[in-house]
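Below: one structure, written as structure tokens.
Residue numbers (the numbering used here): 8 to 174.
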């Protein structure tokens, strides 16, 4: 039992999922750097800045995820070969259109959100409130970023769901 008052064997499944999330975030981060450096076209200024904003945020989350793993008294994964082997996110090509880049980022977000759900599931079973709180905040932020990127990728004539439920 650690200073967290959670038995190590209950934490191990959470740590495994956190390490997978760490690997996913590293590949996502590099994809964003790739897009930041290689964006061309009429959306250059907007997307160049947006990709930088996203990779800056990802860099912070990478550190926080690693530090959470350390808080749980395990070593975080820290080798590129391990990230590439473990991640559910693939490295992206460099020569893509702006829309292709945005779609890849949205796909990366989908993978990150799925992995975050796995982390939460394991953390709930271990009563690991610290991890649940950390990842819950990440989910909220990533969903908002995904909404904005999805709106960017739509045609101007697109509409949101207009169904209104009456109470």
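For every residue, glycine included, the Cβ atom is placed at its ideal position computed from N, Cα and C. On a predicted model such as this, the values are computed, not experimentally measured, just so you know.
Residues in its own chain within less than 8 Å of residue i by CB, not counting five upstream and five downstream?
i	result
residue 46	54, 55, 58, 105, 108
residue 71	141
residue 69	29, 32, 33, 36
residue 131	139
Excluding sequence positions up to five away, which residues of its chain have a Cβ less than 7 Å from the Cβ of residue i?
i	result
residue 159	109
residue 65	32, 35, 36, 39
residue 73	29, 83
residue 50	105
Hey, residue i and residue j: beta-carbon distance below 8 Å or not?
i	j	result
residue 113	residue 149	no
residue 168	residue 99	no
residue 18	residue 135	yes
residue 138	residue 75	yes
residue 83	residue 77	yes
May I ask you to check if the CB of residue i is nearer than 7 Å to at least one heavy atom of the ligand SAH?
i	result
residue 161	Among the ligands in the structure shown, none appear at all, so the ligand SAH cannot be discussed.
Who are the near neighbours of residue i in its chain, counting only those whose CB is closer than 6 Å to its CB and skipping five residues on each side?
i	result
residue 24	125, 126, 129
residue 16	none
residue 61	39
residue 146	123
Whose CA, out of the options, lies closest to the CA of residue i?
i	options	result
residue 2	29, 154, 19	For the chain, the structure presents residues 8 to 174; residue 2 sits outside this window and is missing.
residue 81	50, 14, 42	14
residue 122	31, 11, 166	31
residue 143	119, 43, 33	119
residue 115	73, 164, 85, 152	152
residue 10	97, 79, 43	79
residue 101	43, 63, 86	43
residue 103	48, 166, 83, 21	48
residue 95	117, 52, 67	117
Mind reading off the beta-carbon distance from residue i to residue j? Whole number of angstroms is fine, and I expect it under 8 Å.
i	j	result
residue 133	residue 21	5 Å
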